[in-house]
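This report refers to the structure that appears directly beneath it.
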Amino acid sequence: VAAAVGNDTTAFRGVLSSVRLNGDTPLLLGPVPTSLIDSLPTAVSAENSTEVTTGARTESVCVASTPCQNGGNCSDVFYNSYSCNCTAGWRGRNCSDRDLCHPSAGSCPNGTQCVNLDGSGRAAATFGSNLQSPLSTSQLILSASSLNESLATVTGWARTRQSDCQLLSVSSGGRQLTVGCSSGQLQAGLDNQTALVAVGIATGLPFTFSVNCSAGSPLSLQVSVNSSDSVSVSSKSALATDLLLDSAAKVTLGGIKFKGCLDNVRLNGRLAPLANRSLLPSGAAGFEWASELVSAPMIGCHGDQVCQTTVNERTENVCQNSGRCTDLWNKFACSCTDGFYGDTCSAKLGATASVSTAVIIAVSVVGLVIIISVVAVLLFKYVQNRRKESGTYGPSKAESRSNAHAQAQPPVRPPPEERLI
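In the working numbering, the protein residues as written are 13 to 433.
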């Protein structure tokens with residue numbers, strides 16, 4: 013048995029079912045037939061019941077309050093709730109929020125994804141999409157004329173392959189907070205304090221960042237790459253004073269040498285509009301596009317067409333010889349067909365082999381000549397050394413006198429020949 017308690021706002025309003033006392037004895041709510049009570053050996057029936065009806069019942073909220081706006085269709089949902097099916101261009105529980113991600117809004121280009129947030133809408137933005145030199149840039153400058161508060165936190169989402177760049181800066185009262193990349197790592201700086209996270213971010217993978225710059229605390233920076241575990245660092249000393257967000261403050265998104273995407277950038281939780289503020293609901297305190305806009309970014313996060321190149325006004329695959337190109341977001345990789353290799357599959361294995369063989373033969377001949385020359389030189393030196401050690405024969409003085417005396421003696425005549433008579 014279930015019962016719905018009535019219109020008394022101070023009492024319980026809802027549905028009760030299968031209520032038991034001490035875990036065993038059922039409690040009967042509302043009018044219960046005597047035959048049912050008799051069939052339950054141990055049941056307790058409520059003596060007094062007010063505005064209690066049998067069964068699970070719900071009210072028609074759609075009829076009572078007409079909650080769906082801007083032409084939305086309302087459907088009652090159990091219990092005492094509703095659901096709105098909004099018309100094109102509207103969203104939210106009551107169809108009261110503009111759907112800036114609807115195709116008719118044109119917030120994001122083809123091939124990109126737009127996400128609505130907090131009823132104000134957002135689209136990621138690509139900075140430096142036509143980056144031709146280290147000094148070219150695209151920036152978005154915002155003013156905080158409707159605000160008057162201390163800056164405590166800066167959060168956002170980014171993606172880049174640049175090793176050194178500036179993602180954003182906040183300037184106020186002669187002071188500047190910067191968030192950028194240094195040698196491929198994310199760094200935040202304010203006054204003389206810096207925080208550098210030793211995590212590589214110049215990989216093309218998305219990463220989120222969070223900066224805490226409240227006075228009295230160290231400058232802290234937290235980074236999470238590709239939804240992995242976050243890494244946090246803090247400056248050595250605490251910040252002395254707060255950075256103010258007021259009419260004199262200037263927020264710059266993007267900067268020198270930044271080529272990549274920014275999304276969901278928030279200061280003190282307030283969304284920095286990457287799309288034109290005129291498309292967003294008016295009246296809410298926040299940031300406005302400044303008149304000193306340098307070069308607006310391209311709406312939507314996307315990379316260059318790295319798998320295609322233009323040759324003589326013709327579009328060709330960057331991977332040659334029927335190689336297959338994989339777009340790695342501002343970077344490409346070629347899968348070469350058999351017989352070819354290299355970054356763009358432009359080198360042929362056979363040609364390389366013949367060149368390598370010729371080089372090997374030439375090196376071998378030169379090496380052999382060098383070895384023969386070295387051996388000949390060593391043999392020549394060896395013979396010279398042996399001659400110096402042995403020298404030439406010369407008689408001593410005694411031998412010379414003996415030889416002279418022998419030469420002075422008359423020659424000895426042989427004895428006369430004997431004859432037999």
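Heads up, the beta-carbon is just placed ideally off N, CA and C, and yes, glycines get one too. As the structure is a computational prediction, the values presented were derived from the model and not from experiment.
A direct Cα-Cα distance of roughly 14 Å separates Val318 from Gly272. Bounds of any beta strand (DSSP E) do not take in Ala284, whose DSSP letter is neither H nor E. Nearest to Glu161 by alpha-carbon distance, out of Phe270, Gly315, Leu255 and Leu361, is Leu255. Ala210 sits in a strand when the DSSP states are folded into three classes. If you draw a straight line from the Cα of Val375 to the Cα of Gly362, it comes to about 20 Å. A direct Cα-Cα distance of roughly 33 Å separates Leu202 from Asp316.
The closest CA to that of Ile311, considering only Leu274, Ala345, Lys343 and Leu340, is found on Leu274.
A contact is defined here as three or more CB-CB pairs under 8 Å, and the region 256-264 fails this definition with respect to the region 103-115. DSSP places Gln234 within a strand segment (E or B) once states are collapsed to three.
Under DSSP, Ser155 shares a beta bridge with Lys262 and Glu300. Taking 8 Å as the cut-off, the Cβ atoms of Arg171 and Ala214 do not count as close.
For Cys346, the secondary structure class from DSSP, reduced to helix, strand or coil, is strand. In the structure shown, Lys393 falls within a helical segment according to DSSP collapsed to helix, strand and coil.
In the same chain as Ser157, and ignoring 5 residues on each side of it, the C-beta atoms closer than 6 Å to its own belong to Ser259, in chain order.
Beta-bridge partners assigned by DSSP to Tyr94: Asp88. The C-beta distance from Ser194 to Leu208 rounds to 7 Å, short enough to meet the 8 Å contact threshold. For Gln205, the beta-bridge partners assigned by DSSP are Leu202. Residue environment for Gly379: exposed (fewer than 16 other C-beta atoms within 10 angstroms of its C-beta).
Taken atom to atom, the span from the alpha-carbon of Tyr91 to that of Gly281 is near 34 Å. Looking at the DSSP output, Val245 shares a beta bridge with Leu233. Around the beta-carbon of Gly335, 16 or more other beta-carbon atoms lie within 10 Å, marking it buried. A distance below 6 Å between beta-carbons, with the five flanking residues on each side excluded, links Gly228 to the following residues of its chain, in chain order: Ala250.
Residue range Val73 to Ser77 is occupied by the alpha helix (DSSP H) that includes Cys74. Ser236 is a Cβ neighbour of Phe219, given a cutoff of 8 Å. For Thr253, no beta strand (DSSP E) segment is defined, and its DSSP state is neither H nor E.
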